[in-house]
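Numbering (our numbering), first residue to last: 4 to 323.
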């Protein structure tokens with residue numbers, strides 16, 4: 004073959020298949036990141052911040068695909084049944100670890116059908132109320148709830164979501180009864196509180212902070228054991244309900260048969276993203292950046308699956 008023809012063919016191949024950090028031609032087309040909640044919430048925020056930086060690294064478009072509903076099961080099942088080639092990624096909440104105990108039957112097997120990639124971040128949840136709500140503090144709320152059981156309701160992003168788990172654990176530890184209302188996203192429930200349709204919402208702190216600062220919602224407490232570094236004026240629920248501590252996590256998960264080389268590349272590239280300006284962007288909104296190895300995330304999932312099963316039993320939550 005003539006040398007000029009050979010050079011032309013090599014240049015054509017490089018143009019068609021941009022190099023990646025693994026040098027294996029992945030990704031070869033646009034990548035989809037499935038988010039199990041409605042657009043505009045905290046999961047959507049994390050997905051878009053990370054996807055934008057991955058698009059830059061890979062020279063392939065990374066598209067956020069919001070698939071709310073079913074207590075995250077719709078999105079999880081979609082991932083479990085996707086082609087295992089790294090072009091479908093799930094941004095998973097810790098509902099992945101809770102759903103086996105919350106559901107009598109799942110359309111997928113978490114251990115068999117899904118593979119952990121990297122734990123990206125965690126966030127405390129926050130309990131927000133309409134500004135006119137009669138409880139101004141967690142202590143006020145407990146007094147009202149004990150005087151009038153089941154007289155109040157709180158919204159969350161759905162059964163098994165971080166907000167639901169945080170709310171039910173809070174109820175169990177505080178010995179109160181507040182009715183749970185399921186939504187397709189914590190931000191959707193949050194806007195019903197703004198409209199004074201429901202009194203309370205349990206959702207991610209980054210969701211609520213802008214509205215709290217604008218005076219449209221009052222945050223009664225955050226769910227982490229200590230106050231948030233970005234909202235030190237807001238008490239933690241644990242200051243009133245001793246021992247209470249809850250954080251939701253965000254991690255990339257892929258179909259189980261995804262090649263090890265792709266899983267490892269995904270892990271490396273996301274960790275690289277978390278060392279860019281994405282880190283400061285997410286931290287400023289109240290997210291705790293984590294990162295780490297595939298094995299680190301696998302251990303968290305296994306540990307939380309056992310922990311949530313015990314908590315759900317203790318709280319008396321019946322599997323649906």
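The beta-carbon is built from N, C-alpha and C at its ideal position, and this holds for glycine as well.
Hey, how far is the Cα of residue i from the Cα of residue j?
i           : j           : result
residue 278 : residue 179 : 42 Å
residue 141 : residue 89  : 44 Å
residue 174 : residue 104 : 18 Å
residue 301 : residue 135 : 44 Å
residue 311 : residue 32  : 37 Å
residue 315 : residue 74  : 15 Å
residue 216 : residue 222 : 9 Å
residue 39  : residue 116 : 17 Å
residue 323 : residue 28  : 43 Å
residue 22  : residue 183 : Summary for residue 22: the model assigns pLDDT 37, below 50, so the residue's position carries little reliability; its value from the coordinates is reported in the next sentence. When rounded, the distance between both Cα atoms is 49 Å.
residue 109 : residue 273 : 29 Å
residue 3   : residue 242 : There is simply no residue 3 to check, as the chain begins at 4 and stops at 323 in what is shown.
residue 190 : residue 229 : 24 Å
residue 26  : residue 61  : Low confidence applies to residue 26: its pLDDT is 40, below 50, so where it sits in the model is not reliable, and the reading given next is rough at best. Cα to Cα, the separation comes out at about 11 Å.
residue 159 : residue 169 : 9 Å
residue 227 : residue 252 : 12 Å
residue 244 : residue 268 : 43 Å
residue 250 : residue 87  : 30 Å
residue 202 : residue 77  : 28 Å
residue 295 : residue 94  : 16 Å
residue 59  : residue 91  : 18 Å
residue 97  : residue 188 : 15 Å
Who are residue i's beta bridge partners in DSSP?
i           : result
residue 256 : 93 and 119
residue 126 : 251
residue 131 : 204 and 222
Note the first and the last residue of the continuous alpha helix (DSSP H) segment covering residue i.
i           : result
residue 298 : 297 to 317
residue 272 : 263 to 276
residue 85  : Looking at the DSSP string, residue 85 is not in any alpha helix (DSSP H), and its letter there is neither H nor E.
residue 109 : That residue, residue 109, is in no alpha helix (DSSP H); it is neither H nor E in DSSP.
Does DSSP classify residue i as helix, strand or coil?
i           : result
residue 141 : helix
residue 250 : strand
residue 172 : helix
residue 181 : coil
residue 286 : helix
residue 166 : helix
residue 98  : helix
residue 321 : coil
residue 153 : coil
residue 292 : strand
What span of residues does the beta strand (DSSP E) with residue i cover, start to end?
i           : result
residue 159 : 156 to 159
4-residue-minimum alpha helix (DSSP H) runs that sit fully inside the stretch 185 to 245, ordered along the chain: Taken in chain order, the complete alpha helix (DSSP H) segments of 4 residues or longer contained in the stretch 185 to 245 are 189 to 197 and 208 to 216.
Identify every run of the alpha helix (DSSP H) within the stretch 36 to 81, keeping only runs that are complete inside it and at least 4 residues long; order them along the chain. Counting only runs of 4 or more, we get 45 to 61.
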